[in-house]
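Structure first, commentary second.
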Amino acid sequence: MSSSETGIHPTFEKTARSFLDNSQLRSNLGHATRTIRDKRRGVVDEMPDWEELREAGRQIKQKVMQNLDHYLLQLETSVTRAGGVVHWARDAAEANRIILDLIKERGETEAVKVKSLTTDEIGLNKALAKEDIMALETDLAELIVQMAGDEPSHILVPAIHKNRSEIRDLFRDKLGKPDLTDNPAELTEAARRYLRKKFLSAKIGISGSNFAVAETGTVAVVESEGNGRMCTTLPQTLITVLGIEKIIPAWQDLEVFMQLLPRSSTAERMNPYNTFWTGTTEGDGPQEFHLVLLDNGRTQVLADPAGRETLHCIRCSACLNVCPVYERTGGHAYHSVYPGPIGAILTPQLRGLSDKSAASLPYASTLCGACYEVCPVKINIPEILVHLRGRVVRHNKNWGGIRGKVNPELMGMKWLAWTLRSRSRYERAQKMARKGQRWFMHDDVISKLPGMLSGWTAMRDLRPVAEQTFREWWRTRS
Amino acid sequence: MNISLFVACFNDTLYPETGIATVQLLERLGHRVDFPREQTCCGQVHYNTGYQDETVSLAKRFVDIFSDAETVVAPSASCVGMIREFYPKLAILSGDRKLIRDVDDLLPRVYELSQFLVNKLELEDVGACYPHRVTYHPTCHSLRMLRVGDAPLRLLKKVKGIDLVELPGAEECCGFGGTFAIKNADTSMAMLTDKIARIKETGAEVCTASDNSCLMHIGGALNRQREEVKVVHLAEILASTEAASTETNSPNSGYKKSGSQNSGSTESGPTKSGTPNP
Chain B
47 MSSSETGIHP TFEKTARSFL DNSQLRSNLG HATRTIRDKR RGVVDEMPDW
97 EELREAGRQI KQKVMQNLDH YLLQLETSVT RAGGVVHWAR DAAEANRIIL
147 DLIKERGETE AVKVKSLTTD EIGLNKALAK EDIMALETDL AELIVQMAGD
197 EPSHILVPAI HKNRSEIRDL FRDKLGKPDL TDNPAELTEA ARRYLRKKFL
247 SAKIGISGSN FAVAETGTVA VVESEGNGRM CTTLPQTLIT VLGIEKIIPA
297 WQDLEVFMQL LPRSSTAERM NPYNTFWTGT TEGDGPQEFH LVLLDNGRTQ
347 VLADPAGRET LHCIRCSACL NVCPVYERTG GHAYHSVYPG PIGAILTPQL
397 RGLSDKSAAS LPYASTLCGA CYEVCPVKIN IPEILVHLRG RVVRHNKNWG
447 GIRGKVNPEL MGMKWLAWTL RSRSRYERAQ KMARKGQRWF MHDDVISKLP
497 GMLSGWTAMR DLRPVAEQTF REWWRTRS
Chain P
568 MNISLFVACF NDTLYPETGI ATVQLLERLG HRVDFPREQT CCGQVHYNTG
618 YQDETVSLAK RFVDIFSDAE TVVAPSASCV GMIREFYPKL AILSGDRKLI
668 RDVDDLLPRV YELSQFLVNK LELEDVGACY PHRVTYHPTC HSLRMLRVGD
718 APLRLLKKVK GIDLVELPGA EECCGFGGTF AIKNADTSMA MLTDKIARIK
768 ETGAEVCTAS DNSCLMHIGG ALNRQREEVK VVHLAEILAS TEAASTETNS
818 PNSGYKKSGS QNSGSTESGP TKSGTPNP
């Protein structure tokens, strides 16, 4: 499904424009994010120790990242001891190959899936489809997106860009129910009946995971609809893909995250379904459990001390819901399964900065700081955005060839810094700007600028350089 | 108190009336204000756009120029945010031990104007008079980085004659974000459009803030749309006095005929007679 993870994509600023023009999308998104945002605030404000919990979450994750090699091996031992099989995948292709082989070896052509970003990241559904294996999404919103041949636009609410009449039309068409209304209960019931049959017949279940406990080998999925519980308990074989950053050291650490995650994501005190399993149990649940540990760029993120905090993310999506940029453009403009502020720092680090689309993401922010304020594990997203901008600038300078060296922004910034390093140059520039701006002035304001700066004056006037600058005024009084 | 003014480069160049108002306000409160002429820019534009190397040289310059100051005050929340939040980190990154020490030494003496008045001087009533309907936009850097809290509002509430109205969705970004407004002009404008709609809902004559950068953004669109609402920096409201406000019925405007720009701020806005030193 996630073609967004492969191939060449346009930059954020190029795509954002077309989404901004879609007023239905903006109104769907504005309504949905405002609702979740307000609910989240309610359940967070009632917690007297929220700040301490955030700090605890941050510290646990920091400990994991500093000792990831140790915890990975510990997890492998615990899972194996409990009857599971652990596979190591360097990248998306390796992970997909492992899963494909497991399904084929069992002679199956269908699998039921729990909503999982990690499997979207590796483009699993598409890889399976190529070999005639159908992976059916069972989360309601993921099902909607899959049926529509669309792509998720939000981490938690993948169909946030669709309203219920759009969903009614889709179900009428795909489920062969021409009489459906847009009543949410009726729409859900139609999906439920369709899915129930699939759960009962599926031999393979596929999931991601929210947490994996190194100490015990326990793997966890938290969800709202119960489809995850079905997928992880009914099929004979369960395959779970785990990004290596999802490890936590001990069972007790779940105490912290099971409070932070539901309140930050669905604005609930507790998720309706919390499924934990440790290996396999004879006569109960799946008799085979395979855990695929996925790197896919994560060790590369870990290698950058200023960016590695990005791996602390528990995928709650609180940062998306407060982001004024995401609220306007929607998730598709980010061309990644990880949209919004967290995507703007994660995607470029996972894919590397030679990917022009990914390299445009650190600039898709005003650095307003709303994301940092709500992050349950205190990832300083604005600071990492700025750090990544620095890496983009250096990358273009070093690897961008002649165009990278003479690009107008780089030259402009160098000239500006040179000017600002000396009072006399700075004052001379003020005087020159005052003379030069005449050419651009109408009605005492600057209303049209050339080149890069035209983005400003397309919709805004600019104040001209003052007839008398502050420092010139100061000189007159002393 | 001896105060060294860091006026910020865009105030110096585009909004001199904000610097003038700051001087008049601080002098009216009995302080001695000095303007170290070597100052230029704190480096925020470079830093936020990804030019960290260039920022280090500007940070060094700033620290050298202000190292002897008793107190540094700036009418710009985002510049002070830059200095307080990122100078220490830049200094460590640069590995320059002297810079690390000098930054550490200087930082506790650097204040944004509203924080200086409320937290350091413990003042709320600064004797201002501004008989206009005003709404306050808490800029992102003042709110979430510098954490000025309600300092600006406490000052505004004590201004004589003011009709202060709450801005709906006040804490949401206006869409400026420095080079964001140029690189992502369309998204920036979508955010600004919503902010302007909220401002108009209040029926205010004036939108104020502690950053002229955000006000330049908001004011730029208001002006283009021929709206009556003006943008005025907090310092200018706080510098206004009864004497000045009786002379004119219209609030200071961010956009004036360039000929009257500076004289406008001294005559019709804040105090008329450029206050003498204490």
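Residue numbers (my numbering), protein chains in the order written: chain B, 47 to 524; chain P, 568 to 845.
The beta carbon of each residue, even a glycine, is placed where N, CA and C say it ideally should be.
Note that the structure is a prediction, hence the values are computed from the model and not measured.
Residue-level contact to chain P via CB, D84/B, 8 Å cutoff: no
Residue span of the beta strand (DSSP E) that contains M180/B, given as start and end: M180 to E183
Below-8 Å beta-carbon distance, R509/B vs any chain P residue: yes
According to DSSP, residues forming a beta bridge with W323/B: V265/B
Nearest-angstrom Cα separation, counted from H784/P out to Y618/P: 23 Å
For G88/B, the first and last residue of its enclosing alpha helix (DSSP H): S69 to D91
Short Cβ contact (8 Å threshold) for H850/P with L734/P: Nothing about residue 850/P can be reported from this structure: the residues present for chain P run from 568 to 845 only.
Host beta strand (DSSP E) of K477/B (start-end): Where K477/B is concerned, there is no enclosing beta strand (DSSP E), although the alpha helix (DSSP H) it sits in stretches over R469 to G482.
DSSP state of A258/B mapped onto helix, strand, coil: strand
Contact with chain B by D663/P, beta-carbon distance below 8 Å: no
Residues of the stretch 621-654 of chain P with Cβ closer than 9 Å to any Cβ of chain B, in chain order: E621, T622, S624, L625, R628, E652 and F653
Bounding residues of the beta strand (DSSP E) (the contiguous stretch that carries D579/P): Note, D579/P: premise wrong, no beta strand (DSSP E); alpha helix (DSSP H) at C576 to T580.
Any C-beta of chain P under 8 Å from that of A525/B: With chain B covering 47 to 524 only, the question about residue 525/B has no answer from this structure.
Cβ-based burial, P318/B [other Cβ within 10 Å; buried from 16]: exposed
CB contact check: L186/B to chain P, cutoff 8 Å: no
Three-state secondary structure (DSSP) of I492/B: strand
Selected residue, minimal CA-CA separation from S310/B, among A135/B, E419/B, I144/B and C277/B: E419/B
8 Å Cβ cutoff met for A258/B and I285/B: no
Burial state of K451/B, where buried means 16 or more other Cβ atoms lie within 10 Å: exposed
Boundaries of the beta strand (DSSP E) in which K797/P is found, first to last residue: K797 to H800
Contacting positions in the stretch 411-422 of chain B - beta carbon closer than 8 Å to chain P: S411, T412, L413, C414, G415, A416, Y418 and E419
Interface flag, W445/B vs chain P, CB-CB below 8 Å: no
Closer than 8 Å at the beta carbon, the chain B residues around G716/P: Chain B residues near G716/P: none, gap ~14 Å exceeds 8 Å.
Proximal chain B residues relative to H800/P, where beta-carbon distance stays under 8 Å: Within chain B, no residue comes near H800/P; the closest Cβ sits about 12 Å away, beyond 8 Å.
6 Å Cβ shell around P387/B - same chain, five flanking residues per side excluded: C365, C369, C417 and I427
Beta carbon proximity, W520/B to chain P, threshold 8 Å: yes
Neighbour-count burial assignment, P843/P, 16 or more Cβ in a 10 Å radius: At P843/P the pLDDT is 34, less than 50, meaning the model places this residue with poor confidence; the figure from the coordinates comes in the next sentence. The residue is exposed, with fewer than 16 neighbouring Cβ atoms inside 10 Å.
Beta carbon of S162/B nearer than 8 Å to that of S64/B: no
Neighbouring residues, chain P, relative to N59/B (Cβ below 9 Å): The residue asked about is misnamed: residue 59/B is Glu in this sequence, not Asn. Ordered by position in chain P, the residues that pass the 9 Å Cβ test against E59/B are K750, N751, A752, D753 and T754.
Buried or exposed by the 16-neighbour rule on C-beta atoms within 10 Å, applied to W485/B: exposed
Coil, strand or helix - M505/B by DSSP: coil
Unbroken alpha helix (DSSP H) run spanning T702/P, endpoints: Counting along the chain, T702/P falls outside any alpha helix (DSSP H), though it belongs to the beta strand (DSSP E) covering R700 to Y703.
Of the residues V732/P, Q792/P, G586/P and L666/P, the one placed nearest C774/P, counting alpha carbons only: V732/P
Below-8 Å beta-carbon distance, G450/B vs any chain P residue: no
Reference F573/P; option with closest CA among A194/B, R517/B and Y380/B: R517/B
6 Å CB neighbourhood of E772/P in its chain, flanking five on each side removed: H699, R700 and P818
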